[in-house]
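Reading through the structure tokens given below for one structure.
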Amino acid sequence: MTNRYTKCVSSIVPKFQNKKLKSIVLGFLLLLGTIITFGSWALASPPGSGPDDEFHLAGIWCAQGYRMKFCEKTDSPDYVKVPLSLHRNGGPRTIFCYAGNSKISASCIRDLDAEAVTKLADTKRVALNGSPRFYNLNSYFTSTNTNDAILTMRFFQIAIFFALISFAIYSSGERKWAVLLALFVGMVPVGLFIIPSTSPSSWAIAGVTTVGICVMNFFISSKKSHQVIAVIGFLVAVLLTRNVRADINTMLAICITLGLLSGFVVRETGRSLKFDRAKIIKLAFLAAPGLLYIHLKVFSLYPWKIASFILDGSFELFSNDSPQAFLGFLGGSIQLGSADFAPTPVVLILMSVGFVTFIVITARFVPLKVKISSGFGLSLLFVLPYWLSLHAIGAASRYVMAIYLVSLVTFSASAVTSRRLINFKFSKSSLVTIFLTISLGQSLSLHQSIRRYVTGANISGWDLNEGAQWWWTHGPSPLSIWIIGSVAFSVALFIVLLMTNYDRAAV
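The opening position of the sequence shown corresponds to residue 12 in this note's numbering, with each subsequent residue numbered one higher.
This is how it looks when you write it as structure tokens:
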């Protein structure tokens, strides 16, 4: 008996060690590949290329109050003085010297004279009253070297993203690979551009997405440790992103509700396929606060009210802005930097094929009730941009991207619940399709973004070093950044697809 037990243990230990070693190696490669990908995007565009950068950079420079050479007082309480280089309307003597002309590179940033960096000029576009935590923390990286300061801030946003999203991934347990796959599909290309930027939307996307996933994981997870991590992640994300953007409470309410609905449904479906009246009443009670907030603070959820809301406003906005915002997630509109640049149409085609393939093959394993809750989130992606346009906020994809990501994650994660875990497997053709379309979409987006800023969009060719006018004073060449970023993302995506489709019995 003892010998049999010893043989059994001795055969299990090597398997366990090999499995653990494999997990460590793959996890390290995944983390490294993802960090390199974000780092490549941080280097791919020049300072000032982020959305509303002239406003946010001035807010960062003045977040600590009046400081000599950074933010000085003027005679008017409505104005402050910030470096001339941060003024969008300062002509060729600012970091925005390339904006508005897609035929020129951003190398003009390197030609700024000393006075443009040291001279201060009046500006009104600055957050003076109660600057959010985003501005305060980033202000510690300000310096007289604008380029280096902004680059440091970009890598700081990447660190914040990984710090927040790690709570969501760790608390996902056996669903972590499905969650990662949804994030990889949803982040290309807009998310990869916004996260390493000096826009508060970086924190909004990371924080609100983390909150929604952690709420879902709290309900689904059977392990106490996962629930504790989910609670900690929820609290950290809420505290860090509180007031980071004017619409943050709305986005939090929507994503918390989506996470709650999906988490509760998946948990109860895992326990029993029957969903009786008592469970429906309990679900309605749990979701009521979030739905009530949306109903009262944002727009009425009554179908006839929504129809009236659309018809009484401008139907043109609804038929134009809403689809544009959704297509923006897939690289189909001007979302990557200055308004004179958009990814090539082939990116939209590739990402659309990858997105549809992901949805279709995952839908086979998703409970009907989760399809309904995820559909509710996706439907908001069409109503909210219209609502934002009417309120003069704008229909940019970054404002509603967290809802998009949480909808994809809840959809994907529900496919690997305990009842469906054994049967959850993608076909090889589906895996190849997703890998090729998403990785190529990312690579082409990165290439086109670098091309726009190193030579101007009127120059074509795959060699980004040819005729390149680089604005960074140090670091790898444009072509190196593109190759390294493309390979790193492809390796990371391959690992996620491999592990998502891995035999769960051996995991």
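Ideal Cβ positions, reconstructed from N, Cα and C, are used throughout, including at glycine.
Inspect the beta-carbon positions of residue i and residue j and report whether they are closer than 8 Å.
{"i": "residue 416", "j": "residue 203", "result": "no"}
{"i": "residue 225", "j": "residue 414", "result": "no"}
{"i": "residue 234", "j": "residue 184", "result": "yes"}
{"i": "residue 356", "j": "residue 254", "result": "no"}
{"i": "residue 121", "j": "residue 482", "result": "yes"}
{"i": "residue 133", "j": "residue 80", "result": "no"}
{"i": "residue 53", "j": "residue 207", "result": "yes"}
{"i": "residue 520", "j": "residue 62", "result": "Outside the displayed range of the chain (12 to 518) lies residue 520, so it cannot be described from this structure."}
{"i": "residue 172", "j": "residue 160", "result": "no"}
{"i": "residue 446", "j": "residue 504", "result": "yes"}
{"i": "residue 71", "j": "residue 156", "result": "no"}
{"i": "residue 78", "j": "residue 212", "result": "no"}
{"i": "residue 131", "j": "residue 83", "result": "yes"}
Taking buried to mean at least 16 other C-beta atoms within 10 Å of its own C-beta, is residue i buried or exposed?
{"i": "residue 39", "result": "exposed"}
{"i": "residue 86", "result": "exposed"}
{"i": "residue 146", "result": "buried"}
{"i": "residue 477", "result": "exposed"}
{"i": "residue 256", "result": "buried"}
{"i": "residue 228", "result": "buried"}
{"i": "residue 76", "result": "exposed"}
{"i": "residue 96", "result": "buried"}
{"i": "residue 165", "result": "buried"}
{"i": "residue 89", "result": "exposed"}
{"i": "residue 403", "result": "Because residue 403 carries a pLDDT of 44, less than 50, the predicted location of this residue cannot be relied on, and the following value inherits that uncertainty. Label assigned to residue 403: exposed."}
Between the options, which has its C-alpha nearest residue i's C-alpha?
{"i": "residue 277", "options": "77, 232 and 261", "result": "232"}
{"i": "residue 114", "options": "470, 489, 493 and 362", "result": "470"}
{"i": "residue 248", "options": "51, 179 and 411", "result": "179"}
{"i": "residue 47", "options": "257, 491 and 201", "result": "491"}
{"i": "residue 107", "options": "56, 150 and 153", "result": "56"}
{"i": "residue 335", "options": "379, 368, 271 and 411", "result": "411"}
{"i": "residue 260", "options": "208, 222 and 69", "result": "222"}
{"i": "residue 475", "options": "489, 496 and 481", "result": "489"}
{"i": "residue 511", "options": "188, 206 and 79", "result": "188"}
{"i": "residue 457", "options": "191, 212, 375 and 199", "result": "199"}
{"i": "residue 354", "options": "463, 421 and 443", "result": "463"}
{"i": "residue 271", "options": "97, 420, 445 and 437", "result": "420"}
{"i": "residue 534", "options": "216, 504 and 77", "result": "Residue 534 lies beyond the stretch modelled for the chain, which goes from 12 to 518, so this question has no answer here."}
{"i": "residue 441", "options": "495, 451 and 366", "result": "366"}
{"i": "residue 45", "options": "117, 169 and 165", "result": "169"}
{"i": "residue 192", "options": "468, 33 and 427", "result": "427"}
{"i": "residue 98", "options": "502, 480, 33 and 67", "result": "67"}
{"i": "residue 342", "options": "197, 243 and 480", "result": "197"}
{"i": "residue 337", "options": "418, 269 and 383", "result": "418"}
{"i": "residue 451", "options": "472, 486, 480 and 494", "result": "494"}
{"i": "residue 210", "options": "64, 50, 497 and 473", "result": "64"}
{"i": "residue 181", "options": "509, 242, 219 and 205", "result": "242"}
Quick one: measure Cβ to Cβ for residue i and residue j, integer angstroms, because I've assumed they're closer than 8 Å.
{"i": "residue 448", "j": "residue 364", "result": "5 Å"}
{"i": "residue 381", "j": "residue 425", "result": "4 Å"}
{"i": "residue 500", "j": "residue 453", "result": "5 Å"}
{"i": "residue 455", "j": "residue 358", "result": "5 Å"}
{"i": "residue 252", "j": "residue 214", "result": "5 Å"}
Requested in this report: Quick one: which unbroken alpha helix (DSSP H) runs of 4-plus residues sit fully inside the stretch 459-491? Chain order, please.
Outcome: Runs found: none.
Query raised in the report: Hey, which unbroken runs of the alpha helix (DSSP H) at 4 residues or more fall wholly within the stretch 79-124?
Result: Taken in chain order, the whole alpha helix (DSSP H) runs of length 4 or more contained in the stretch 79-124 number zero.
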